[in-house]
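A.B. asks:
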Amino acid sequence: MDSKNDIVEVENKLHSPGAVESASEHVDINHNVNAKIQNPLFGLSRHELMARVDQFCDNHGMNDDKVVFQKAALLAQNPHKFESYSELTEEEKVAIRRETTHKWSHPRGLLMTVVMASVGAAVQGWDQTGANGANLSFPVEFGISDAAGAPNAARNQWIVGVINGAPYLFGALVGGWLNDPVNHYFGRRGAIFIAAIFAILSPIGSAVSQTWVQLLVCRCLLGLAMSLKASTTPVFTSENVPANVRGGMVMSWQLWCAGGILLGFSANLAVYQVGPIAWRLEMGSACIPALPLLFIYLCPESPRWLMKKGRYQDAFKSMLRLRNTPLQAARDMFYTYAQLEEEYRAIQSTNYVKRVSELVTIPRVRRATFASAIVMLAQQIDAGYSTKSSLLASWGFGLVNFAFAFPAIFTIDSFGRRNLLLATFPNMAWSLLATGLCFLLPNESAAKVPLIAVFIYIFAAFYSVGEGPVPYVYSAEVFPLTHREMGMAWAVSVCLFFGGVLGLTFPRMVGALGHVGAFGFYAGLNVTAFIFIFLFLPETKQFTLEELDYIFGVPMTQHAKYQTNTWLPHKFKKYVLRQKGHQIEPLYHLEEIQGIERQDDYGIRHVAAGH
């Protein structure tokens, strides 16, 4: 290490204005027209880097861990050159190598976080199925039967529809927007704990309701639990896991949401024939998977949330539980700290009302808002028919949905979020269209129902690999820390709102357009979603959450032009004209950053700092 006098001299410079700047050319994350993804530590001299570590440790009470942070800073500055660092022990180098060779090997604290996230997702799925079987019974008991020929059937149909859609609509319009203040005051774990309480009490309240108004109120409270849980749990997971497996671990949300749907249908089948109280048991059983969430405080709090609150010592304690070694914990925390300094410089933390407006007024945040809306809205494009179809709302559909989510775990971080969507949306479109065309077969045809089922399950398989898991993974990672709670609230509100609206309106669409027209309509929307994703949705795989600031600093028009003017011509020459030797011009230019280890088909190239 350099002499003490040299360190003191540099430390004095660090306290002067602009002294702690990266040696690299500064990148404006609101208007990153050069598409450069920057490591703010890359290019600093050893003097400057060690002085920055000293300042970090002094300012945040981390002096007892200064030695490990000094080594961690070297690793964060040049992550791919760790083998050449004499400061690292062989044991530490082995741990770094294992990040690539054993990327699914993680400590108990991280695995517990993922398990809790999975439980939260199972609650979400089970909650969505509770009313399905109950729909056959509670309208009759409460005098609001919507069966053909029943008194006031048209009015009652709207009442039953509102009761069924209440969790989605109330969650979208009210519950989701409580995510920001609840997370602000209680943290990620506190928000999940509060959601768990409502997720336990509201199904019990539904089960003992004596009027449809009471049931409606309980269903609204269930929406509060669903939206708060859906807005927080994926963010909690994404902030805790390493970048190289973030997609696979965060998508446990969709995997176990599908698992919860399967369990919910199983519970409905189990109590189907117990008599008049069957619907109460079906609704009340949704409280069961929420009980383990009461133990959420056994998991470490999000280090990023703690850093946002200035609690760096607590953040490091959490990070130690989430990484295999102290060196890896210190590296990830110091790199996050350095990136957050850049983020705070461009995007200041503000009050609630201003953060809502900044979802569209700050360019970097606006691009994330638009991208998250695309994937969430696209999910409801696919969900439209499933909410009312007896075939899709079956135990078999739940099984297909659950089983085919597993391949995405192992491909979402290698093949990528964007590529999964682009590969599956065309297949969802043709399978929906084929399903609709099957309704043209005569009713007496023995092949009609089996063919409809086959194409619906094909659709479900493609949905479960792509548009099922990606939206929550994507939305949980694209927003900056200053706006992450508000951004996720927006994304979940879009998803829940259109889910509720489609649940109310789809039966009338079938009446107006017929089954063929309705399926064809949604097939067309899938094609539209494919075009929007191709043009405007950036890839996020392998980048740390803070590095995504630079990805979403690139204007969307520039991203769209790259796809149409560079990517498409390259693929046409390569695969249609069979021309060899054409190299694609990269969209992003990377400095020495942690996440990306190679150039991929999306167009990524490493560059030296300042170039």
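Using the UniProt record's numbering, the first residue of the sequence shown is number 1, and each one after it goes up by one.
For glycine and all other residues, C-beta sits at the position ideal for the given N, C-alpha and C.
Report yes if the C-beta distance between residue 552 and residue 478 is below 9 Å; otherwise report no.
C.D. replies: In this structure, residue 478 lies closer than 9 Å to residue 552 by Cβ.
A.B. asks: Measuring alpha carbon to alpha carbon, tell me which of 188, 214, 51 ends up nearest residue 302.
C.D. replies: That would be 188, whose Cα lies nearest to the Cα of residue 302.
A.B. asks: Is it buried or exposed for residue 310, if we count other Cβ within 10 angstroms and need 16 for buried?
C.D. replies: By the neighbour-count rule (16 or more Cβ atoms within 10 Å), residue 310 is not buried but exposed.
A.B. asks: Pair every Cβ in the segment 486-500 with every Cβ in the segment 543-560, then say whether three or more of these pairs are closer than 8 Å.
C.D. replies: Contact fails: fewer than three Cβ-Cβ distances are below 8 Å.
A.B. asks: Counting beta carbon pairs with one atom in the segment 466-485 and one in the segment 241-259, are three or more of them shorter than 8 Å?
C.D. replies: They touch, by the three-pair rule.
A.B. asks: Pull up the CB-CB distance for residue 95 and residue 320, whole angstroms please, since I reckon it's below 8 Å.
C.D. replies: That pair is no contact at about 13 Å.
A.B. asks: Have a look at residue 417 and residue 52 and give me their C-alpha separation to the nearest angstrom.
C.D. replies: Answer to the nearest angstrom: the Cα atoms are 35 Å apart.
A.B. asks: What runs of the alpha helix (DSSP H), each 4 residues or longer, lie entirely inside the segment 263-347?
C.D. replies: With a minimum length of 4 residues, the continuous alpha helix (DSSP H) runs that stay inside the segment 263-347 are 278-284, 303-308, 312-322, 326-346.
A.B. asks: Take residue 134 and list the residues in its own chain whose beta-carbon comes closer than 7 Å to its own, dropping the five residues that flank it on each side.
C.D. replies: The answer, listed in chain order, is 279, 282, 283.
A.B. asks: Determine the extent of the alpha helix (DSSP H) in which residue 184 is found, giving its start and end residues.
C.D. replies: First-last of the alpha helix (DSSP H) with residue 184: 179-207.
A.B. asks: Report the three-state DSSP secondary structure of residue 102 (helix, strand or coil).
C.D. replies: In the structure shown, residue 102 sits in coil (DSSP, three-state: anything other than H, G, I, E or B).
A.B. asks: Assign residue 106 to one of two classes, buried (16 or more other C-beta atoms within 10 Å of its C-beta) or exposed (fewer than that).
C.D. replies: Buried.
A.B. asks: If you measure between the beta carbons of residue 122 and residue 289, is that distance less than 9 Å?
C.D. replies: Yes, they are a contact pair.
A.B. asks: Report the three-state DSSP secondary structure of residue 80 (helix, strand or coil).
C.D. replies: Residue 80: helix per DSSP, three-state reduction.
A.B. asks: Check each candidate in 342, 399, 511 and name the one with the smallest Cα separation from residue 463.
C.D. replies: Looking at the Cα atoms, 399 is the closest of the given residues.
A.B. asks: Mind reading off the beta-carbon distance from residue 300 to residue 487? Whole number of angstroms is fine, and I expect it under 8 Å.
C.D. replies: That pair is no contact at about 23 Å.
A.B. asks: Consult DSSP for residue 588 and reduce its assignment to one of helix, strand or coil.
C.D. replies: It is a strand residue.
A.B. asks: Should the segment 209-229 be called in touch with the segment 162-179, which here means at least 3 C-beta pairs below 8 Å?
C.D. replies: As far as the Cβ criterion goes, the segment 209-229 touches the segment 162-179, which means the pair count is three or higher.
A.B. asks: Suppose the cutoff is 8 Å on Cβ atoms and the five residues either side in sequence are ignored; what does the same chain contact list for residue 343 look like?
C.D. replies: Cβ within range, chain order: 29, 480, 481, 482, 546, 549.
A.B. asks: Roughly how many whole angstroms lie between the Cα atoms of residue 372 and residue 427?
C.D. replies: Distance between the alpha carbons of residue 372 and residue 427 is about 22 Å.
A.B. asks: Let me know if residue 554 comes out buried or exposed under the rule of 16 or more other beta-carbons within 10 Å of its beta-carbon.
C.D. replies: Looking at its Cβ environment, which holds 16 or more other Cβ atoms inside 10 Å, residue 554 is buried.
A.B. asks: Does the Cβ of residue 318 have 16 or more other Cβ atoms within 10 Å, making it buried, or fewer, making it exposed?
C.D. replies: By the neighbour-count rule (16 or more Cβ atoms within 10 Å), residue 318 is buried.
A.B. asks: For a test of the three-state rule: what should DSSP assign to residue 563, helix, strand or coil?
C.D. replies: It is helical.
A.B. asks: Name the residue from 176, 138, 229 whose alpha carbon lies nearest to the alpha carbon of residue 209.
C.D. replies: Looking at the Cα atoms, 138 is the closest of the given residues.
A.B. asks: Alpha carbon to alpha carbon, what distance is there between residue 581 and residue 256?
C.D. replies: Roughly 44 Å between the two C-alpha positions.
A.B. asks: Helix, strand or coil for residue 578 per DSSP?
C.D. replies: Of the three classes helix, strand and coil, the one that applies to residue 578 here is coil, per DSSP.
A.B. asks: On a CA-only basis, which of 525, 518, 369 is nearest residue 429? Give me that one, please.
C.D. replies: The shortest Cα separation from residue 429 among 525, 518, 369 belongs to 525.
A.B. asks: Note down, in chain order, each residue of its chain lying with its Cβ closer than 6 Å to the Cβ of residue 76, except the 5 sequence neighbours on either side.
C.D. replies: Excluding positions up to five away in sequence, the list reads 41, 331, 334, 335.
A.B. asks: Give me, in chain order, the residues of the same chain whose beta-carbon lies closer than 7 Å to that of residue 304; leave out the 5 immediate sequence neighbours on both sides.
C.D. replies: If we look at residue 304 and ignore the five residues flanking it on each side, its Cβ neighbours are 239, 336, 481.
A.B. asks: Whole angstroms is fine: what's the gap from residue 128's alpha carbon to residue 541's?
C.D. replies: Whole-angstrom Cα-Cα distance: 29 Å.
A.B. asks: Quick one: is residue 63 buried, meaning 16 or more other Cβ sit within 10 Å of its Cβ, or exposed?
C.D. replies: The residue in question, residue 63, is exposed, as its Cβ has fewer than 16 Cβ neighbours within 10 Å.
A.B. asks: Who are the Cβ neighbours of residue 58 in its own chain at under 6 Å, not counting the five residues just before and after it?
C.D. replies: Once the five neighbours on either side are set aside, residue 58 has no close Cβ partner at all.
A.B. asks: Got a sec? Which residues, its chain only, sit under 8 Å from residue 563 by beta carbon, not counting five neighbours each side?
C.D. replies: Cβ neighbours of residue 563 beyond the five flanking positions: 534, 535.
A.B. asks: For the segment 450-460 against the segment 407-421, are there 3 or more C-beta pairs whose distance is under 8 Å?
C.D. replies: No contact exists between the segment 450-460 and the segment 407-421.
A.B. asks: To the nearest angstrom, how far is it from the Cα of residue 97 to the Cα of residue 91?
C.D. replies: The straight-line gap from Cα to Cα measures roughly 10 Å.
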